[in-house]
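Residue numbers (the numbering used here): 4 to 182.
Printed below as a string of structure tokens:
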């Protein structure tokens, strides 16, 4: 009986930490810690969204939308996508538009071909960037309704016309009539 108690206790101890780790990770804020990693051997075709930070060391084609989290494209990362995130850091290659809620950082090894919209922007010495930067986006521009313009042409008053009167031939008398 004593031995049975010893053997069952280690099993319980082994299971409890696993359940405690699961409970801790489930209740922990999604933005704490490292988050998800797309390794160098992974290629994703499609859209990515979620509630945790993302580190990309592989290839991604599509759209990345993590408005409340950080997205980092590592040195070996190759992204062909528009990225929207709280903070975006680029050390690899990105072809697409970047929209940073707080800031965008392009490190010295970063290569970005696309437009950037963010309130703060850091472009480190040696970084490659081709595109435009909008650091004061304000409210997103709403498309205005275009109404066709009606051209009203005012009719100019008619010029008086020359009207011939019954005068003998050879006479050059004409009277002007207004209408």
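Just so you know, even glycine gets a beta-carbon here, dropped at the ideal spot from N, CA and C.
Just so it is clear, the structure is predicted and the values come from calculations on it, not from any experiment.
Where the beta strand (DSSP E) containing residue i begins and where it ends
{"i": "residue 84", "result": "81 to 93"}
{"i": "residue 96", "result": "96 to 98"}
{"i": "residue 131", "result": "131 to 133"}
Beta-ladder partner(s) of residue i, from DSSP
{"i": "residue 123", "result": "106"}
{"i": "residue 68", "result": "52 and 87"}
{"i": "residue 39", "result": "57"}
{"i": "residue 137", "result": "120"}
{"i": "residue 1", "result": "This structure does not reach residue 1, given that the chain is present from 4 up to 182, and the question cannot be answered."}
CB contact flag (residue i, residue j, <7 Å)
{"i": "residue 77", "j": "residue 96", "result": "no"}
{"i": "residue 84", "j": "residue 65", "result": "yes"}
{"i": "residue 57", "j": "residue 74", "result": "yes"}
{"i": "residue 130", "j": "residue 111", "result": "yes"}
{"i": "residue 91", "j": "residue 99", "result": "no"}
{"i": "residue 115", "j": "residue 132", "result": "yes"}
{"i": "residue 135", "j": "residue 118", "result": "yes"}
{"i": "residue 106", "j": "residue 81", "result": "no"}
{"i": "residue 47", "j": "residue 67", "result": "no"}
{"i": "residue 44", "j": "residue 55", "result": "no"}
{"i": "residue 120", "j": "residue 137", "result": "yes"}
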